[in-house]
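Here UniProt numbering is used: position 63 in the sequence shown is 63, and no number is missing along the way. A short worksheet on the structure shown next.
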Amino acid sequence: MLHGKFPVKPMERGIAASDCAAEVVASGPKVAGFRKGDRVTITCNPATINGDEDEETTGLGGEHDGVLREYAVFDQKYLVHLPHTMDWKEASTLPIAGVTAWAALNSDASGPKGRFALLQGTGGVSTFALLLCAAAGIKPIITSGSNDKLKAVQKFGGETGVLGINYKTCQDIPAEVMRLTDGLGVDFVVNTSGFESIPQDIAALRKRNGVISLVGLLAGIEASWSPRELLNLMYKRGHIRGSNAGSKADLEHLIRFVDENKIDLTPLIDRVFPFDQSQEAFDYAYSGQHIGKVIIQVSSD
1 MLHGKFPVKP
11 MERGIAASDC
21 AAEVVASGPK
31 VAGFRKGDRV
41 TITCNPATIN
51 GDEDEETTGL
61 GGEHDGVLRE
71 YAVFDQKYLV
81 HLPHTMDWKE
91 ASTLPIAGVT
101 AWAALNSDAS
111 GPKGRFALLQ
121 GTGGVSTFAL
131 LLCAAAGIKP
141 IITSGSNDKL
151 KAVQKFGGET
161 GVLGINYKTC
171 QDIPAEVMRL
181 TDGLGVDFVV
191 NTSGFESIPQ
201 DIAALRKRNG
211 VISLVGLLAG
221 IEASWSPREL
231 LNLMYKRGHI
241 RGSNAGSKAD
251 LEHLIRFVDE
261 NKIDLTPLID
271 RVFPFDQSQE
281 AFDYAYSGQH
291 IGKVIIQVSS
301 D
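This is the structure:
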């Protein structure tokens, strides 16, 4: 977005960033449910509270001022309580990376074992999805152009482990997915790259009812394939759905799942920058060197 390559135009001279963890320092006389000292986070999509609203999506850090600031005023209906067991840095990964991954996996942590998920890249959404897969018994397959990154993400896999594919050296990703899944294919594809890989995503799906969640556009919004490729989706009775970080209800469910399953989010934190190095933090994230989340610590208090 900061480089003008995201198809949403941010506010002119607006405040950046969408996800945070913060402390309530004051509340108005009509506020109920939140008080000074409470630990909170905020849904990044103010138009979606329950998830069934027929409203156009908007986002913090885009159409609305974001959270890269020391103090902000928000309506209480956008806030969600955080568990006291959760570290500030860990909690800040929940509203975007966490909820996007949660929604992409069907918000279904109680489904049958033996499922597979194909995750693109090693950024915040995919690495958060790795942790959710480990907790839900879903076997993850992750792609990266770096063998070092594929090795590094093994710490996210828990008992399920992590299967890896180097997309720079693998000539046929769907064929490799089929080999790794004993010919079954995957139940979920978390597509963070964009439209160009959709034919490969379809080919990697299992024969029935697989889901491709389009959650990112890191490789741009162009595509060179023919719409005829979608015939394969029809034959598989598969689904492609857009996901834009989910609702406040999704965020609440995710926080409950993480807390109840005692999921350690520490591996998600790649690097922490102080507030006065925010530009360096964005440059580092844009460079693609990171594995997981890049954090800006606004306050040291």
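From the three backbone atoms N, C-alpha and C, an ideal C-beta is built for every residue, glycine too. Computed from a predicted model, the values in this text were never measured in an experiment.
Beta-carbon proximity list for T57, same chain, < 8 Å, skipping 5 on both sides: Numbered from its first residue, the sequence shown carries residue 57 at position 57. For T57, where only same-chain residues beyond five positions count, the Cβ hits under 8 Å are N45, A47, T48, N244.
Nearest to V211 (by Cα), restricted to the options G238, G194, P227, L230: If you number the sequence shown from 1, residue 211 lands on position 211. It is G238 whose Cα lies nearest to the Cα of V211.
Exposed unless 16 or more other CB atoms sit within 10 angstroms - verdict on A17: On the sequence shown, position 17 is the one that residue 17 refers to. Label assigned to A17: buried.
Distance, L230 Cα to V25 Cα: Along the sequence shown, one-based indexing puts residue 25 at 25. Along the sequence shown, one-based indexing puts residue 230 at 230. Near 51 Å, if we compare the C-alpha coordinates of L230 and V25.
is_contact[G98, chain C] using C-beta, thresh 8 Å: As a matter of chain content, chain C is missing from the structure shown, which is built from one protein chain.
Identity of the residues DSSP links to T41 by a beta bridge: Within the sequence shown, the letter at position 41 stands for residue 41. DSSP lists V80 as partners of T41.
Segment contact, 8 Å Cβ cut-off, at least three pairs: the region 66-78 with the region 258-266: no
Bridge partners - V272, DSSP secondary structure assignment: As a position in the sequence shown, residue 272 is number 272, starting the count at 1. In DSSP, V272 forms a bridge with I295.
Alpha-carbon to alpha-carbon, I202 and E55: What you label residue 55 is simply residue 55 of the sequence shown in a count that begins at 1. What you label residue 202 is simply residue 202 of the sequence shown in a count that begins at 1. Spanning the two alpha carbons is a distance of roughly 29 Å.
Beta-bridge partners of N166, as assigned by DSSP: Here the question's residue 166 lines up with position 166 in the sequence shown. Beta-bridge pairing links N166 to S144.
Length of the line joining the Cα atoms of D259 and N166: As a first step, residue 259 must be located in the sequence shown, where it is residue number 259. As a first step, residue 166 must be located in the sequence shown, where it is residue number 166. Looking at the two C-alpha atoms, the distance is approximately 33 Å.
Beta-carbon spacing of D41, L94 below 8 Å: Within the sequence shown, the letter at position 41 stands for residue 41. Within the sequence shown, the letter at position 94 stands for residue 94. Before going on, a small fix: residue 41 reads as Thr here, not Asp. Cβ distance < 8 Å, so T41 and L94 count as in contact.
Nearest-angstrom Cβ-Cβ length linking V186 and A117, presumed shorter than 8 Å: Translated into positions along the sequence shown, residue 186 becomes position 186. Translated into positions along the sequence shown, residue 117 becomes position 117. That belief holds up - the Cβ atoms of V186 and A117 are roughly 6 Å apart, short of 8 Å.
Neighbourhood of V99 by C-beta, 7 Å cutoff - its chain only, sequence neighbours within 5 removed: Numbered from its first residue, the sequence shown carries residue 99 at position 99. The answer, listed in chain order, is A245, G246, D250, L251, L254.
Alpha helix (DSSP H) runs wholly inside the region 208-276, at least 4 long, in chain order: 230-235, 248-260
Inter-residue spacing [alpha-carbon to alpha-carbon] between A103 and K30: In the sequence shown, the residue the question calls residue 103 occupies position 103. In the sequence shown, the residue the question calls residue 30 occupies position 30. Going from the Cα of A103 to the Cα of K30 covers about 32 Å.
8 Å Cβ shell around V153 - same chain, five flanking residues per side excluded: Residue 153 sits at position 153 when you count from the first residue of the sequence shown. Closer than 8 Å at the Cβ level, and outside the excluded window around V153, lie T122, T127, L130, I142, S144, V162, G164, I291.
Euclidean distance between Cα positions of K36 and R271: Position 36 of the sequence shown, counted from the first residue, corresponds to residue 36. Position 271 of the sequence shown, counted from the first residue, corresponds to residue 271. Cα to Cα, K36 sits roughly 29 Å from R271.
Residue range of the unbroken beta strand (DSSP E) whose run includes A17: The residue given as residue 17 occupies position 17 in the sequence shown. Note, A17: premise wrong, no beta strand (DSSP E); not H, not E.
Distance CB(F275)-CB(Q297) smaller than 8 Å: Sequence index remark: in the sequence shown, residue 275 carries index 275 (1-based). Sequence index remark: in the sequence shown, residue 297 carries index 297 (1-based). Yes, the pair counts as a contact, with Cβ atoms nearer than the cut-off.
Integer Cβ distance of L184 from R206, believed to fall under 8 Å: Within the sequence shown, numbered from 1, the residue matching residue 184 stands at position 184. Within the sequence shown, numbered from 1, the residue matching residue 206 stands at position 206. Rounded, the Cβ-Cβ distance is 6 Å, consistent with contact.
Alpha-carbon to alpha-carbon, K149 and V80: As a first step, residue 80 must be located in the sequence shown, where it is residue number 80. As a first step, residue 149 must be located in the sequence shown, where it is residue number 149. The straight-line gap from Cα to Cα measures roughly 33 Å.
Cβ-based burial, D19 [other Cβ within 10 Å; buried from 16]: Sequence index remark: in the sequence shown, residue 19 carries index 19 (1-based). The residue is buried, with at least 16 neighbouring Cβ atoms inside 10 Å.
Beta-bridge pairing of L60 - partner residues as DSSP gives them: To locate residue 60, count along the sequence shown from 1; it is residue 60. In the DSSP output, where bridge partners are listed per residue, L60 has H64.
Which residues DSSP lists as bridging K139, in chain order: Working through the sequence shown from its first residue, we reach residue 139 at position 139. In DSSP, K139 forms a bridge with F116.
Collapsed DSSP secondary structure at G123 in the structure displayed: Start at 1 with the first residue of the sequence shown, and residue 123 comes out as number 123. Strand.
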